[in-house]
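Report on the structure given below.
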Amino acid sequence: KLEKMRTDFVANVSHELKTPLTSISGFVETLKGGAVNDDKVRDRFLDIIEMESSRLSRLLDDLLVLSNIETSQIGMSRKSEIKVKKTVIEVFEMVEKAADGKSIELESEIPDDLPNLYGNGDWFKQMLLNLVDNAVKYTPENGSVGVSAYRLDSDVFIKVKDNGMGISQEDVSRLFERFYRVDKARSRDIGGTGLGLAIVKHIVLAFGGDIKVRSDEGKGSEFIVRIPIDRARASDSTL
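At the far end of the sequence shown sits residue 1475, using our numbering, and the numbering has no gaps.
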C-alpha cells in the first residue's frame, strides 16, 4: 500500500509539473515560429507563459513545504509561543488585497483571554493562511470570510468559515488528499496547486490536533481545527 501511495504521488507530481511545462514549451515554439512579430499575439502569449511559470513556482514551493513538514525532525522543535489573535491579523493583511478585489469582508472573533499555543509559529501561520486564502478564493464577490477561536477544556478550536459555493459530502471526504481538487478547472484558474489543504492537515497533525469540515453546497464551508494547549509551556497571556 505504501509503495502504491508513493507511485501515485510521483505520477501526480509528474502530471502537475508536465502540464505547465508543456504549455510554456508550446507557446515558446509558436513565438519562435513567427508569432513574435505580432505585438498582440506576442504579448498575450508572454502573459500566459508568465502565468504558467508562476503556477509552476507555486507548485514547487508547496511541494517543498509539504516535504519539509512530512519529513522534518526539527520543525516542531523550533517552538515558541503563538499568539492566535496576532497571527490572524497578519494573515488577514496577507490576503487583504485579494479579498478587497472581490469585495469580501474579513471578520475575526478572537477572545482576548485565549491561551497562547506553543509550537512552530511559521507552520501555524502557514496553516491559517492556507485556510483563509482558500476561503477567499472560493467565495464569490460581496461574500464574507470569518475566523473565530475559543478554548474548550485543554484545547483551542479555530474556525475558518465562508459563505461560498460549498462542498459536496463526497468531495469533503477527499479534501485533504494531495492534488485532489473539487473543481479542477476552477482551481487551476485561481492559482490552486492541489496541495494547500494537504499541507494544512499535516501541520495540524504535527501540533497533535485534528481538523474537520462542515459544508453544504451553495451555503459555504467551515473548517474546524482543534489544537491541544501545551499546559507546560503555553500561557494565558494575551495579545
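The beta carbon of each residue, even a glycine, is placed where N, CA and C say it ideally should be.
The structure displayed is predicted, hence computed values, not measured ones.
By the C-beta criterion, the stretch 1291-1298 is judged not to be in contact with the stretch 1271-1282, since fewer than 3 inter-stretch pairs fall below 8 angstroms. Three or more Cβ pairs closer than 8 angstroms define a contact, and the stretch 1371-1383 meets that threshold against the stretch 1336-1343.
Selection F1412, F1360, E1286 and I1403 evaluated against G1444 yields F1360 as nearest (Cα-Cα). For D1446, same chain residues with a beta-carbon under 6 angstroms away, outside a window of 5 residues either side, are R1462 in chain order.
For I1284, the secondary structure class from DSSP, reduced to helix, strand or coil, is helix.
Within 10 angstroms of the beta-carbon of R1291 lie 16 or more other beta-carbons, which makes it buried. In terms of CA proximity to L1302, A1434 leads the group A1434, D1389, N1399 and V1440. Shown here for G1456: same chain residues with a beta carbon closer than 6 angstroms to its own, the five before and five after excluded, namely D1398, N1399, G1400 and G1402 in chain order.
Our two residues, P1464 and Y1374, have alpha carbons roughly 29 angstroms apart in a direct line.
E1343 sits in a strand when the DSSP states are folded into three classes. Inside the stretch 1355-1438, DSSP marks whole beta strand (DSSP E) runs of 3 or more residues at positions 1380-1388 and 1391-1398, from first to last along the chain. Exclusion of the five residues before and after R1387 leaves L1350 and P1351 as the residues of its chain whose Cβ lies within less than 7 angstroms of its Cβ. Shown here for D1389: not one same chain residue has a beta carbon closer than 7 angstroms to its own, the five before and five after excluded. The secondary-structure analysis by DSSP pairs I1460 across a beta bridge with K1395 and K1448. The beta carbons of T1323 and L1364 sit about 6 angstroms from each other, so the pair counts as a contact at 8 angstroms. Within its own chain, the residues whose Cβ lies closer than 7 angstroms to the Cβ of M1330, once the five positions on either side in sequence are excluded, are L1365, listed in chain order. It is roughly 56 angstroms from the alpha-carbon of G1355 to the alpha-carbon of G1270.
In this structure I1285 does not touch V1272 by the C-beta definition: roughly 12 angstroms separates them, more than the 8 angstroms allowed. Here the alpha carbon of I1325 sits roughly 22 angstroms from the alpha carbon of K1437. In the structure shown, I1465 adopts coil according to DSSP, grouped into three states. Cβ neighbours of S1259 within its own chain (closer than 6 angstroms, five residues either side excluded): E1288. Apart from the 5 residues on each side of it in sequence, D1466 sits with its Cβ closer than 6 angstroms to the Cβ of Y1354 in its chain, given in chain order. A Cβ-Cβ contact shorter than 8 angstroms links I1346 with A1385. With respect to the 8 angstroms criterion, K1338 and E1377 are classified as neighbours on the basis of their beta carbons.
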